[in-house]
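Residue numbers (my numbering): 1 to 188. Beta carbons: idealized from backbone N, C-alpha and C, even for Gly. Encoded as structure tokens, the structure appears first; notes follow it.
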Amino acid sequence: MPQPQLPRVAPEAMPERIRQGWERSMALRGDATWFEIMAHAPELYDWYGEFYERLFNGGRVERVVKELARLRLSTTHGCRFCNQGNRPDALAAGVKQEQIDRLDEYESGPFSERERAALALADQMVLTNPGGSLDEALHERLKRHFSPAEIMELGMVMAVLTGMAKMLFTFDLVEKEESCPFPTKGGN
């Protein structure tokens, strides 16, 4: 269970829209620490919701590609809270269970070349790859399948998701998978 330093806001004290998210999270995960802390700053909660509505669910790049990239990031980061929501969302968006099961083998798994290129970019964007780079080879690969605007969109989406993961871990707002490469509170 996360142990944030910031005080938790009780569900009855939350704005209605955050409380609804809290209820969904409790039903899905049995934990809603993120909502309890975000309730201190409803405008930030709204901004993050707007990011999802306008860029992640909308934008130029089809949602299934962004769902695969998001899942690649969250599974690599080992964010249990994220994965508990990302897997059902990916399936609902059209990602196949076999793709989820073989995400670590995306170069040889059941993925289109477009999806593989996006997943290769995700591998450069993960927190565990501080030397990540959009080098010439990756750029060539991406531009065979994406316009410059789409490449920028993928980069922006992945940057926001990766930055959020760092904040979630730093503020101890989410449960981690056992495979999480980042230490839990107390160094364990």
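Going by alpha carbons, who is nearest to residue 72 out of 50, 101 and 168? 101
Which of the three DSSP states is assigned to residue 179 in this structure? Residue 179 carries a coil assignment under DSSP once its states are collapsed to helix, strand and coil.
With a threshold of 7 angstroms on Cβ separation, who are the neighbours of residue 32 within its own chain once the five nearest residues in sequence on each side are excluded? Hits under 7 angstroms: 22, 25 and 26.
Beta-carbon proximity list for residue 56, same chain, < 8 angstroms, skipping 5 on both sides: Within the same chain, residue 56 has close Cβ partners 63, 66, 70 and 157.
What are the boundary residues of the alpha helix (DSSP H) that includes residue 136? 136-143
Of all Cβ atoms in chain C, is any one closer than 9 angstroms to the Cβ of residue 10? Of the chains in the structure shown, none is chain C; there is only one protein chain.
Do you know whose CA, among 115, 29, 40 and 166, lies nearest residue 129's CA? 166
So, for residue 155: in the same chain, excluding its five sequence neighbours on each side, which residues have a beta-carbon less than 8 angstroms away from its beta-carbon? Excluding positions up to five away in sequence, the list reads 121, 125 and 134.
Could you check if residue 149 is buried or exposed, using at least 16 other CB atoms within 10 Å of its CB as the buried criterion? Exposed is the call here.
How long is the line joining the alpha carbons of residue 1 and residue 29, rounded to whole angstroms? Computed Cα separation, rounded: 11 angstroms.
Taking the CB atoms as reference points, tell me whether residue 132 and residue 123 lie closer together than 9 angstroms. Between residue 132 and residue 123, the CB-CB gap stays under 9 angstroms.
Would you call the stretch 167-174 in contact with the stretch 83-94, where contact means no fewer than 3 C-beta pairs closer than 8 angstroms? Contact between the stretch 167-174 and the stretch 83-94 is absent, because fewer than three Cβ pairs lie under 8 angstroms.
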